[in-house]
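A short worksheet on the structure shown next.
Residue numbers (my numbering): 150 to 521.
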């Protein structure tokens, strides 16, 4: 990573590795903002993007434990607009161009479907279809809508599949965020802060970066895939009204390590219990039963739990162990937990085009260094 930052392949990065409860390394390399001449530090802040999802999923599980949210409940119990859903199918129109034909959904969309990405909602960016183009169009309103307004938009869109039948990466956790607001009676940022961030001492993780801390947010370098310009990322100074449960948070490497430590410890950190061990086991089990199409889910050998990808066996395509958990973010953040090895790894960078290669590179480096 240091060599790649020096060569200009990435701006910089922060890597943390913990094993057997001991911090093995926490190191920053390269640039927080190359153009400004600011070096990366261990305390730099990053756009978490989809690494927001596990945090929001844990907040959901806390509400489930409290009885304020039911895992098997239909989403319509909290958001009535989702009582009558339509499933879309792409067909050729009279002019030969693709169009969408819809039929009423026969399955209800549940809270479990939102947590495991089997709701039928999509992002619209992975592959092209007439259905997905509608999600892309709705996404143009993303950061100016409230969570309530965006949920109402989603309710009008056709699903890509019957709920509970297909793993499709999409807006499920964004919609879950709105469900949490209704269940808890508070805005999502307050829900997550009260249930997860404050109890865990995650003081530098938030949806809105305080003005005094914005100078610590890492910047991206120009990337060839974006016309030799920096990719357009979330702006910490922009007053967004949409609190994206699927990708709206910022945070530090140290903070995220605390979150992962709580999961590895079975729901407890430094004497504070966030979840019961049984709830953590439920979240980290594979919830994709054989009849569910796993679609475009990650590397071979992984299923999906309630907020995490879960390794099913020893024959996976990446170094790791049965039961290891991972997820990552659009701009280059990534983590995994290996319970068998009592191992936590998280790295943070802001390089969209390099996010995929580094996942395997870092895994190989960490496991290659382990001799016991």
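Cβ coordinates follow ideal geometry from the N, Cα and C atoms, glycine included.
On a predicted model such as this, the values are computed, not experimentally measured, just so you know.
Length-filtered (3 minimum) beta strand (DSSP E) runs lying within the stretch 232-257
235-241, 247-253
| request: Compute the Euclidean distance between the alpha carbons of residue 483 and residue 303, then round it to the nearest angstrom. | output: In the chain shown, the residue the question calls residue 483 occupies position 334. In the chain shown, the residue the question calls residue 303 occupies position 154. Rounded to the nearest angstrom, the two C-alpha atoms are 28 Å apart.
message = List, from N- to C-terminal side, the alpha helix (DSSP H) runs of 4 residues or more that fit wholly inside the stretch 317-347.
response = 321-333, 337-341
Do you know whose CA, among 170, 269, 345, 491, lies nearest residue 201's CA?
Position 52 of the chain shown holds residue 201. Of 170, 269, 345, 491, the residue nearest in Cα terms is 345.
| task | Could you work out which residue in 372, 212, 386 is closest to residue 292 when comparing CA atoms only? | result | As a first step, residue 292 must be located in the chain shown, where it is residue number 143. Answer by Cα proximity: 386.
Is the beta carbon of residue 262 less than 9 Å from the beta carbon of residue 296? As a working mapping, residue 262 is identified with position 113 in the chain shown. As a working mapping, residue 296 is identified with position 147 in the chain shown. No, the pair does not count as a contact, with Cβ atoms beyond the cut-off.
Going by other Cβ atoms of all chains shown within 10 Å of its Cβ, with 16 needed for buried, is residue 274 buried or exposed?
Here residue 274 corresponds to residue number 125 of the chain shown, with the count starting at 1. By the 10 Å Cβ count, residue 274 comes out exposed.
Among the residues of its own chain, which have a CB less than 7 Å from the CB of residue 468, if the five just before and after it don't count? Taking the chain shown and counting its residues from 1, one reaches residue 468 at position 319. Correct list, in chain order: 512, 513, 516.
### Task
Count the other CB atoms, across all protein chains shown, that sit within 10 Å of the CB of residue 503; report buried if there are 16 or more and exposed otherwise.
Stepping through the chain shown from its first residue, residue 503 is reached at position 354. Residue 503 should be labelled buried.
| message | Between the stretch 183-198 and the stretch 360-372, can you find at least three pairs of beta-carbon atoms closer than 8 Å? | response | yes
> Beta-carbon separation of residue 375 and residue 501 under 9 Å?
Replying inline: In the chain shown, residue 375 corresponds to position 226, counting from 1. In the chain shown, residue 501 corresponds to position 352, counting from 1. In this structure, residue 501 lies closer than 9 Å to residue 375 by Cβ.
Touching or not, the stretch 404-415 and the stretch 355-362, by the rule of three or more beta carbon pairs under 8 Å? no
- Query: In whole angstroms, what separates the C-alpha of residue 176 from that of residue 218?
  - Reply: Locating residue 176 in the chain shown gives position 27, where the first residue counts as 1. Locating residue 218 in the chain shown gives position 69, where the first residue counts as 1. Cα to Cα, residue 176 sits roughly 39 Å from residue 218.
Practice task
Check whether the Cβ atoms of residue 189 and residue 156 sit closer than 9 Å, and answer yes or no.
Solution key: The residue given as residue 189 occupies position 40 in the chain shown. The residue given as residue 156 occupies position 7 in the chain shown. Contact: no.
query: Among the residues of its own chain, which have a CB less than 7 Å from the CB of residue 272, if the five just before and after it don't count?
result: Your numbering for residue 272 matches position 123 in the chain shown. Taken in chain order, the residues that qualify are 284, 318, 319, 320.
My assumption, with CB atoms under 8 Å, is that residue 248 sits in contact with residue 242. Please give the rounded CB distance. Counting from one through the chain shown, the residue named residue 248 turns up at place 99. Counting from one through the chain shown, the residue named residue 242 turns up at place 93. Correct: roughly 4 Å between the Cβ atoms.
Within the same chain, show all residues whose beta-carbon is closer than 6 Å to that of residue 431, passing over the 5 residues directly before and after it, in chain order. Here residue 431 refers to the residue found at position 282 when the chain shown is read from its first residue. Here the set comprises nothing.
_Euclidean distance between Cα positions of residue 307 and residue 265_ = The residue given as residue 307 occupies position 158 in the chain shown. The residue given as residue 265 occupies position 116 in the chain shown. Answer to the nearest angstrom: the Cα atoms are 19 Å apart.
Practice item. Identify which residue in 429, 349, 494 has its Cα closest to the Cα of residue 214. Key: Locating residue 214 in the chain shown gives position 65, where the first residue counts as 1. The candidate whose alpha carbon is nearest that of residue 214 is 429.
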